[in-house]
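Below is one structure, written out as structure tokens, with a few remarks after it.
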DNA sequence: CAGGATTACGCTTAAACGTGCATAACCCGG
DNA sequence: CCGGGTTATGCACGTTTAAGCGTAATCCTG
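Chains as they are written, first to last, in the numbering used here: chain S, 61 to 322; chain F, 61 to 322.
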């Protein structure tokens with residue numbers, strides 16, 4: 061077997077993932093005649109780029125049931141709940157709020173108090189289910205083809221459905237935040253929908269767990285200047301927050317335990 | 061059987077849970093060639109993540125987050141699962157299927173086998189969430205204002221979204237069945253949506269628990285001649301079934317215990 | 001209420017892991 | 001041609017993880 065260049069190797073790994081539904085680090089190492097270390101590095105990179113999901117012993121393709129929202133819900137749930145507690149206070153009664161898909165927003169939907177009257181619009185079925193529990197919330201579902209990874213409807217139909225609406229507040233999710241506070245997403249259509257929702261909202265709020273700061277996703281969604289409020293955890297890097305604050309964003313730090321604002 | 065990685069194993073357990081309604085630790089251990097201890101660990105983790113309910117000897121599925129739907133689920137949960145097992149066999153691979161809102165259809169969505177490829181269209185967020193767990197199902201969400209009672213989107217926007225589609229199979233719910241097999245619904249808009257979906261489907265299947273035969277809902281949806289197949293429980297009144305059969309419907313009786321049919 | 005089945009818990013082992021570092025290949029501006 | 005810088009890779013190290021085993025506690029059943 062002729063020696064492969066790095067991108068070739070990663071492409072082959074992707075192909076095998078798609079074809080066989082899984083890859084083992086040891087297999088790949090012997091197949092490509094490289095050390096398992098190298099393979100692990102590849103898999104780590106690919107996972108960071110959203111091309112696969114890292115598991116012990118190898119990797120699995122994204123969205124094979126393992127990336128269900130419910131699964132993501134189970135990781136860092138506690139942290140997301142803390143963010144949600146704070147974010148909920150930013151919602152003014154009787155306003156029209158867009159809930160973007162995402163586990164953090166699911167936590168926010170669950171955290172809504174029972175006496176809060178609201179018109180909620182969402183493209184994520186799981187969020188719609190959570191909202192149905194809230195007696196005073198009218199829920200509008202945005203239809204379209206469901207993106208497994210995003211966990212919500214995206215694409216032309218979803219955009220079309222949004223085009224007749226305006227929101228008082230947009231809760232937009234992000235897959236990664238760069239140094240200047242720029243948001244990015246893993247999916248092309250997902251990114252487009254987020255941009256569209258932002259453009260139709262008078263106020264935009266982003267809630268992000270700390271790990272989002274070390275993830276770079278391929279598709280840009282918005283710069284810091286385009287959203288108004290960022291809710292972060294108390295272990296976020298203050299230097300980076302200051303940069304974003306300088307762009308004109310309000311930053312709310314959700315302290316664990318006592319959820320107080322700054 | 062090739063050795064499975066941890067997330068794969070847990071996914072399979074989930075699949076079996078959804079499909080068979082329960083799992084036994086001992087069975088899973090021998091099936092996956094791991095110790096029961098490992099299986100118990102899996103089940104414990106899954107239970108902690110809210111993916112199943114731990115019981116002595118194995119685990120049971122846990123309903124989705126929706127309370128009202130969940131309540132309805134738990135009432136006739138077991139009966140609906142039996143209906144679902146039978147109804148699933150009526151779904152031909154690679155077809156386009158409309159799932160009307162309703163707890164019975166939620167049970168059907170959960171009962172879909174993992175290897176069934178399908179395009180599913182639904183107006184119920186809870187069903188969309190269940191479908192998202194199925195790796196080979198493309199899910200299209202029908203948007204609109206959510207009707208709390210029906211548990212799905214209804215009204216003008218939902219109708220509009222449906223108007224560009226045609227279905228190979230329509231799983232339509234009913235609130236009541238009258239003496240001649242006529243279907244009825246509690247909601248005006250809900251009834252309209254059902255009629256619209258039926259009109260756009262080449263085949264229509266109704267799954268109804270026995271209590272539906274003694275309920276009369278205010279809005280008529282369809283007569284027996286308009287649907288092709290009715291799945292009922294084994295305690296349904298044969299005389300009434302015969303009347304409906306005379307209208308030209310196939311009737312499939314789902315026997316409890318042995319869910320075997322042609 | 002006794003006995004077998006099932007379970008949680010702590011411990012152990014081997015595999016897989018991430019990291020830091022060294023090496024070698026390559027690129028590119030002098 | 002040459003020397004600094006970058007990149008891909010492999011290796012050694014200590015760490016983490018998954019899974020099995022033994023034991024004692026717990027649960028069902030008759």
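Glycine residues also receive a C-beta, built at the ideal position from the N, C-alpha and C atoms.
- A contact is defined here as three or more CB-CB pairs under 8 Å, and the stretch 137-150 of chain F fails this definition with respect to the stretch 94-111 of chain F.
- Collapsing the DSSP output to three states places residue 193 of chain S in coil.
- In the DSSP assignment, residue 103 of chain S falls within the unbroken alpha helix (DSSP H) covering 96-108.
- For residue 256 of chain S, the three-state secondary structure derived from DSSP is helix.
- Neighbourhood of residue 208 of chain F in chain S, by CB distance below 7 Å: 192, in chain order.
- From the beta-carbon of residue 198 of chain F, the residues of chain S found nearer than 8 Å are 205 and 206.
- For the pair residue 138 of chain F and residue 179 of chain F, the Cα-to-Cα distance works out to about 26 Å.
- In the structure shown, residue 279 of chain S adopts extended strand secondary structure according to DSSP, grouped into three states.
- Judged by DSSP secondary structure, residue 313 of chain F falls within the beta strand (DSSP E) whose first and last residues are 310-314.
- In the assembly as shown, residue 236 of chain S is a buried residue. Its beta-carbon has 16 or more other beta-carbons within 10 Å.
- For the stretch 218-246 of chain F, the beta-carbon criterion of a distance under 7 Å to any beta-carbon of chain S is satisfied by 221.
- Under the three-state reduction of DSSP output, residue 175 of chain F falls in the coil class, being neither helix nor strand.
- For the stretch 174-193 of chain F, the beta-carbon criterion of a distance under 7 Å to any beta-carbon of chain S is satisfied by 185, 186, 188, 189, 192 and 193.
- Just measuring C-alpha positions, the residue of F/240, F/295 and F/65 sitting nearest residue 309 of chain F is F/240.
- Between the alpha carbons of residue 82 of chain F and residue 188 of chain S lies a distance of about 27 Å.
- Under the 8 Å criterion on CB atoms, residue 202 of chain F is classed as interfacial with respect to chain S.
- Between the beta-carbon of residue 160 of chain S and that of residue 231 of chain S there is about 6 Å, and that keeps the pair under the 8 Å contact cut.
- Under the rule that a run must span 3 or more residues, the beta strand (DSSP E) segments found entirely inside the stretch 231-255 of chain S read 243-245.
- Distance from the CA atom of residue 253 of chain F to the CA atom of residue 229 of chain S, rounded to whole angstroms, is 30 Å.
- Under the DSSP assignment, residue 143 of chain F falls outside any beta strand (DSSP E), being part of the alpha helix (DSSP H) whose first and last residues are 137-148.
- Under the three-state reduction of DSSP, residue 151 of chain S is assigned to coil, being neither helix nor strand.
- If you keep only unbroken beta strand (DSSP E) runs of at least 3 residues inside the stretch 190-229 of chain F, you get 197-201, 204-207 and 212-214.
- Beta-bridge partners of residue 158 of chain S (DSSP): S/181 and S/230.
- Per DSSP, the beta bridge partners of residue 266 of chain S are S/232 and S/290.
- In this structure, DSSP gives residue 77 of chain F a helical state, which the three-state scheme calls helix.
- Bounds of the alpha helix (DSSP H) holding residue 301 of chain F are 298-306.
- For the 8 Å CB-CB criterion, residue 281 of chain F and residue 311 of chain F do not form a contact.
- For residue 280 of chain S, not one C-beta of chain F is nearer than 8 Å to its own C-beta.
- Between residue 206 of chain S and residue 192 of chain F a beta carbon distance of about 6 Å is seen, short of the 8 Å cut, so the two are scored as contacting.
- Collapsing the DSSP output to three states places residue 82 of chain F in coil.
- Within a 10 Å sphere around the beta-carbon of residue 66 of chain S sit fewer than 16 other beta-carbons, which makes this residue exposed.
- Looking only at F/301, F/173 and F/96, the smallest Cα-Cα distance to residue 86 of chain F is reached by F/96.
- Identification of chain F residues near residue 109 of chain S by a Cβ-Cβ cut-off of 8 Å yields none; the smallest Cβ-Cβ distance measures about 19 Å.
- Counting every other CB atom within 10 Å of its CB across the protein chains shown gives residue 182 of chain S a total of 16 or more, marking it as buried.
- When the alpha-carbon of residue 204 of chain S is set against those of F/92, F/195, F/224 and F/190, the nearest one is in F/224.
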